[in-house]
Structures are given as structure tokens and as C-alpha cells.
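Numbering (my numbering), first residue to last: 6 to 186. Where a beta carbon is used, it is the ideal one built from N, C-alpha and C, also for glycine. Before any comments, here is the structure.
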Amino acid sequence: MASTWWQQVGETIISEFSDLPDAEQATRVMIRLTLAALLGGLLGIEREQKGKAAGVRTHMLVAMGSAMFVLVSQQAGMITADLSRVIQGVTAGIGFLGAGTIIKGHFKGLSDEEQVKGLTTAAGIWLTAAIGMAAGMGREATAVLSALLALGILALVPRLVRIFEKPEPLLTDGNKPEGKP
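Structure (C-alpha cells):
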């Protein structure tokens with residue numbers, strides 16, 4: 006009787022871990038989740054280097070979590086058309102997470118006007134989730150290309166903006182107008 010009970014426990018444990026029935030499936034899941042985490046980490050490194058609150062770990066977790074939602078849905082047999090509901094849910098949820106990074110107010114050392122901070126970080130978290138979903142769905146090339154384009158935007162666009170900004174006018178004594186840092 007005791008061996009039958011332990012056999013049932015053993016068989017139950019084995020069946021609970023049967024979502025990866027062979028090396029091919031295990032490799033596929035590992036590649037997709039690892040790629041999502043790595044691409045999210047690349048975006049997070051860039052954000053962390055800029056001193057932003059959402060850094061490497063946040064971006065890695067967002068990308069991997071997003072990948073998990075679509076990957077598990079696929080494993081459960083959800084058809085591609087029905088995955089749109091999962092994608093909509095993840096997108097809305099990440100929108101709330103991103104909203105938490107946006108701050109509106111007066112900031113020390115800046116102008117007296119109200120300013121909004123964190124929009125780029127929020128957009129980055131949103132894009133990181135999309136990259137994670139692409140990786141989770143097996144669209145690895147699309148995920149990599151998107152991450153590279155995002156890195157290009159985050160690195161190059163601020164430089165281009167500085168090039169095209171108009172220089173502040175100087176007063177006749179060589180100082181900037183009052184109220185300008």
C-alpha cells in the first residue's frame with residue numbers, strides 16, 4: 006500500500022512537470038525566455054546609465070514576464086487569434102506600471118513651470134513588454150531588431166535634438182536671461 010501511495014505521488018510530480026515533454030520544447034522555452042530577459046536587460050542598462058529608476062532588473066522582469074504570458078498561452082493550446090486577448094491584457098497592465106514612472110510637478114533647478122518626467126521610461130517599459138511578447142511568441146528576429154532600434158533611439162535621438170536646438174540668446178553682458186539656468 007505504501008509503495009502505491011509513493012508511486013502516485015511520484016507520477017503526479019512527473020505529470021505536473023510534463024509541460025516540457027522533450028528537449029526540443031525545453032530548448033525552445035529556454036531560448037525565448039532567455040532572449041526576452043537579455044533584450045530587456047540591454048534596454049535596462051541604457052536606462053540605468055542615464056540614472057532612471059526603472060533599470061536593468063525592472064526591464065528584464067517586464068520582458069520575461071511578458072514573454073511568459075504569451076508563451077504559456079501558446080503551450081496551453083491557445084490559437085494565435087485568441088492570443089490577442091492576452092496581448093491586450095499585458096499591454097494594459099504594463100500601461101499601469103509605466104504610469105507609475107510618470108511624475109508631474111515642479112523640479113529643483115528647472116523652470117518655474119510644471120514639468121512631466123518619466124515619459125521616456127514609461128514608453129521604454131511598454132516597448133520592453135512588446136519585445137518580450139515577440140520573443141515569447143517565437144518572433145526572435147523581430148524582438149532583436151526592435152531592441153536594437155530602441156537602443157538607437159535612446160542613444161542617438163538626444164544627440165540629434167541637442168544639435169538642432171536653438172542656442173539660448175545671451176544678454177549684452179554675456180549672461181543668460183533671468184530665470185534661465
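Quick one: using the 10 Å Cβ neighbour count with 16 as the cut-off for buried, is residue i buried or exposed?
| i | result |
| --- | --- |
| residue 142 | buried |
| residue 133 | buried |
| residue 91 | buried |
| residue 8 | exposed |
| residue 82 | exposed |
| residue 103 | buried |
| residue 67 | buried |
Look at the alpha carbon of residue i and the alpha carbon of residue j, and state the distance between them as a whole number of angstroms.
| i | j | result |
| --- | --- | --- |
| residue 36 | residue 73 | 12 angstroms |
| residue 94 | residue 100 | 10 angstroms |
| residue 46 | residue 136 | 11 angstroms |
| residue 110 | residue 79 | 43 angstroms |
| residue 155 | residue 131 | 11 angstroms |
| residue 168 | residue 75 | 41 angstroms |
| residue 16 | residue 30 | 20 angstroms |
| residue 56 | residue 172 | 26 angstroms |
Do residue j and residue i count as a contact pair if the criterion is CB distance below 8 angstroms?
| i | j | result |
| --- | --- | --- |
| residue 60 | residue 49 | yes |
| residue 25 | residue 34 | yes |
| residue 52 | residue 129 | yes |
| residue 106 | residue 85 | no |
Would you please state the rounded distance, in angstroms, between the beta carbons of residue i and residue j? I believe it to be under 8 angstroms.
| i | j | result |
| --- | --- | --- |
| residue 108 | residue 123 | 5 angstroms |
| residue 139 | residue 148 | 4 angstroms |
Margin query: Below 8 angstroms, how does it come out for the segment 39 to 48 and the segment 18 to 25: are there three or more Cβ pairs, yes or no?
Written below: no
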